[in-house]
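Line order of the protein sequences matches chains A and B.
Just remember that my numbering sits 3 ahead of the position in the first sequence, which is counted from 1.
Just remember that my numbering sits 541 ahead of the position in the second sequence, which is counted from 1.
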Amino acid sequence: MKHARAAREFLSNGPRTEWHSQALWYVRQKRDVQKDEIRDWEDLREQASVIKEHTLSNLDQYLEEFETKALKNGIHVHWAVNAKEHNNIVLEILQQAGVRKLVKSKSMLTEECHLNPFLMDKGIDVIESDLGERIIQFADQDPSHIVLPAIHLKKEEVGKLFEKKLNTESGNYDPTYLTGAARKHLREHFVSAEVAMTGVNFAIAESGGFAVCTNEGNADMGVHHAKIHIASMGIEKVIPGKDQLAVFLRLLARSATGQPITTYTSHFQKPAEGKEIHLIIVDNGRSEHLGKDKFWRALKCIRCGACLNTCPVYRRSGGHSYGYTIPGPIGSILTPRVDLKQYSDLPFASSLCGSCTDVCPVKIEIHEQLYQWRQEVYEQKQLSGTKKLGLKVMGRVLARPRLYHRSGKFARKALKISPRFLIYNRMNPWGRSRDLPAPPKQSFQEWYRENRSKS
Amino acid sequence: MSKAEILNSISKNKPTPVDLPAPRKIKIEGNKDLIRAFADKATGAGSQVENFDSLDKAEAWIRQQEKNGKSVIDFLQHLEGKDGFLPLTDDTDKVDMVVIRGQLGVAENGAVWIDEHDMFIRKLPFLTIHLVLVLEKAKILPDLQKAYKQVDLERSGFGVFIAGPSKTADIEQALVIGAHGPIEHTILLY
């Protein structure tokens with residue numbers, strides 16, 4: 004019930020919850036406008052889906068091809084089995100260069116690996132340079148969304164943070180003013196950066212380079228000033244070639260923020276003269292996930308966040324309620340493989356309405372996987388007590404028609420005459436903020452029998 | 542060591558091979574006039590688009606900016622290399638405007654492709670306050686899939702599609718032009 008508990012807290016402020024929900028719905032609507040401009044949108048999704056399935060089912064070959072080409076391009080390639088290895092590689096590169104500051108652009112993988120706290124423990128100054136990431140770094144929080152990390156914060160809260168950290172005018176909460184202050188502050192860090200880090204949106208096997216998409220230009224400002232560029236990618240980020248890249252880029256920004264393309268789509272092929280590029284290829288449980296027959300397709304994800312923006316549960320519970328780096332529907336099908344016990348409640352944080360599946364640009368059947376994970380949670384005996392009991396009783400009743408009829412009759416009567424505390428109590432979490440509809444006078448079967456005999 | 546471990550795990554776990562689909566044509570709604578469609582999308586991304594009937598006239602526009610007192614690094618004029626510009630780039634306030642020739646434009650999103658050979662110093666298009674891209678109208682292609690057929694990723698060490706000035710909406714989804722990169726972005730079509 005961890006998600007439910009956290010969500011309850013988020014929901015305690017009604018107007019704010021509605022504000023959050025509407026902000027995300029606005030992004031979903033922008034996405035709809037963009038996708039309608041492509042008449043063959045469904046064909047494009049289908050292509051993207053099959054390309055990912057092809058690449059994932061030949062992943063070892065593509066990674067080897069990519070590495071060979073990347074090495075030829077003069078890129079240093081590192082492999083990390085898990086988060087710990089990844090973090091140590093980053094630290095080693097920094098230590099060898101004798102550098103104590105790292106300027107970072109957005110990377111969900113480094114969040115997954117908890118790189119920042121690890122580096123800060125070792126005395127490294129970590130500067131997040133994406134505006135949203137910088138804001139939540141100032142606030143000492145985790146991102147609540149994979150594309151819009153500070154979507155849960157109001158401009159007044161950002162303004163107050165900036166007053167403290169950047170000495171901005173007190174009471175000035177104008178987004179343009181605040182962004183200007185961050186620009187000035189971060190420019191100093193960009194210009195003095197010696198090592199800069201980015202994520203990877205797509206790694207291209209045929210040419211051994213990689214693409215990074217941003218709107219702010221922070222990734223480029225960092226790495227082009229720095230001597231060393233470190234880029235981290237999950238093993239699933241590799242794609243065959245530029246023909247396939249074109250398919251994904253047509254889908255990515257349209258699905259993510261409702262733009263036809265991000266401002267910058269930067270292709271790093273070789274290090275600039277006298278500079279270095281280090282690429283870290285990270286597994287961290289992904290290859291094992293690939294072996295799960297019902298769930299491997301979740302690895303097709305290109306991290307656009309469309310499923311978060313559309314999800315009625317995410318919009319009303321906020322990213323932090325999920326308790327994992329990647330929240331929302333896609334997070335709920337990625338986390339159970341990380342730790343089924345810890346995240347056993349996340350597959351239930353969904354109404355199974357299927358909207359996530361409808362908007363997914365690579366056609367991951369998210370809601371079906373959520374449903375499958377629920378079975379898995381039951382089979383692995385990780386179901387919570389109340390849920391288990393409820394399902395057991397329900398299963399017995401539904402399997403026995405006569406018991407079902409009798410129970411129905413009893414419930415219709417009981418609901419009518421029972422005092423409120425008997426129905427709405429701790430055993431009925433559903434009824435905490437909802438009332439049951441008034442019980443009908445008769446069941447459908449009774450009504451049918453009565454009316455058929457009439458006609 | 543880690544590499545072998547990861548690759549072994551993948552080969553043990555990977556699903557049954559799926560064939561790579563052959564690229565298919567994807568239709569877009571909207572303007573058949575490529576130049577118009579491109580200009581619309583570029584404007585939507587925050588660019589200013591100026592039309593000229595010759596390259597000479599586009600260059601005259603650039604000279605006018607210099608006369609107005611802007612410090613301009615113009616790669617149409619200086620195609621020989623980066624010598625002479627490097628000292629300028631150390632002081633970010635000195636680069637008011639950078640002019641770069643675009644290789645191709647994409648009508649479906651208003652993006653223009655440039656690579657390292659077009660600007661020599663990778664950080665210049667990001668550092669400048671005002672980026673100007675000069676593009677021949679005949680180099681506009683309908684969509685990204687056609688554009689990537691012509692893009693040569695291996696021609697240089699770095700290439701980038703740029704659509705408009707840098708921007709962010711990280712504070713309450715309010716669009717702010719000029720995040721970390723250029724605040725102004727102009728495309729000179731000829």
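All C-beta atoms, glycine included, are put in the ideal place defined by N, C-alpha and C.
Rounded distance between the beta-carbons of residue j and residue i, thought under 8 Å
i: Leu729 of chain B; j: Val673 of chain B; result: 6 Å
i: Ile655 of chain B; j: Ile703 of chain B; result: 7 Å
i: Leu685 of chain B; j: Leu156 of chain A; result: So it is not a contact: roughly 33 Å between Cβ atoms.
i: Val701 of chain B; j: Tyr267 of chain A; result: 6 Å
i: Ala720 of chain B; j: Gly220 of chain A; result: 6 Å
i: Leu548 of chain B; j: Asp63 of chain A; result: 5 Å
i: Val194 of chain A; j: Ala100 of chain A; result: Contact flag wrong, Cβ pair sits at about 17 Å.
i: Ala51 of chain A; j: Leu254 of chain A; result: 6 Å
i: Ser354 of chain A; j: Pro315 of chain A; result: 6 Å
Residue i classed as buried or exposed, judged by whether at least 16 other C-beta atoms fall within 10 angstroms
i: Lys598 of chain B; result: exposed
i: Asp35 of chain A; result: exposed
i: Gly131 of chain A; result: Gly is not the amino acid found at residue 131 of chain A; the sequence shown has Glu there. Looking at its Cβ environment, which holds 16 or more other Cβ atoms inside 10 Å, Glu131 of chain A is buried.
i: Asn85 of chain A; result: exposed
i: Lys273 of chain A; result: buried
i: Gly651 of chain B; result: buried
i: Arg340 of chain A; result: buried
i: Trp433 of chain A; result: exposed
i: Arg452 of chain A; result: exposed
i: Lys366 of chain A; result: buried
i: Arg663 of chain B; result: buried
i: Ala10 of chain A; result: buried
i: Gln25 of chain A; result: exposed
i: Trp22 of chain A; result: exposed
i: Thr669 of chain B; result: buried
Residues that DSSP places opposite residue i in a beta bridge
i: Arg642 of chain B; result: B:Val675
i: Leu730 of chain B; result: B:Asn592 and B:Leu676
i: Gly700 of chain B; result: A:His270 and B:Asp656
i: Leu209 of chain A; result: What sits at residue 209 of chain A in the sequence shown is Glu, not Leu. None, per the DSSP bridge assignment.
i: Thr709 of chain B; result: B:Val717
i: Leu59 of chain A; result: Leu59 of chain A pairs with nothing; no bridge assigned.
i: Ile41 of chain A; result: B:Ile569
CB contact check: residue i to chain B, cutoff 8 Å
i: Val53 of chain A; result: yes
i: Arg306 of chain A; result: no
i: His232 of chain A; result: no
i: Pro330 of chain A; result: no
i: Glu379 of chain A; result: no
i: Glu56 of chain A; result: yes
i: Lys412 of chain A; result: no
i: Thr179 of chain A; result: yes
i: Arg186 of chain A; result: yes
i: Met224 of chain A; result: yes
i: Leu59 of chain A; result: yes
i: His227 of chain A; result: yes
i: Lys168 of chain A; result: no
i: Glu197 of chain A; result: no
i: Val365 of chain A; result: no
i: Pro18 of chain A; result: no
i: Val161 of chain A; result: yes
Below-8 Å beta-carbon distance, residue i vs any chain A residue
i: His671 of chain B; result: no
i: Ile703 of chain B; result: yes
i: Thr557 of chain B; result: yes
i: Arg642 of chain B; result: no
i: Ser612 of chain B; result: no
i: His658 of chain B; result: no
i: Phe667 of chain B; result: yes
i: Glu546 of chain B; result: yes
i: Gly646 of chain B; result: no
i: Ile569 of chain B; result: yes
i: Ser543 of chain B; result: yes
CA-to-CA distance, residue j to residue i, given in whole angstroms
i: Gln375 of chain A; j: Gly326 of chain A; result: 21 Å
i: Lys553 of chain B; j: Lys544 of chain B; result: 14 Å
i: Ser60 of chain A; j: Phe205 of chain A; result: 17 Å
i: Trp602 of chain B; j: Lys608 of chain B; result: 10 Å
i: Lys344 of chain A; j: Ala352 of chain A; result: 15 Å
i: Glu534 of chain B; j: Leu349 of chain A; result: Only positions 542 to 731 of chain B appear in this structure, which leaves residue 534 of chain B out of reach.
i: Lys38 of chain A; j: Ile329 of chain A; result: 24 Å
i: Glu114 of chain A; j: His228 of chain A; result: 23 Å
i: Asp46 of chain A; j: Lys568 of chain B; result: 10 Å
i: Ala688 of chain B; j: Tyr29 of chain A; result: 30 Å
i: Lys72 of chain A; j: Ser210 of chain A; result: 6 Å
i: Met430 of chain A; j: Cys356 of chain A; result: 25 Å
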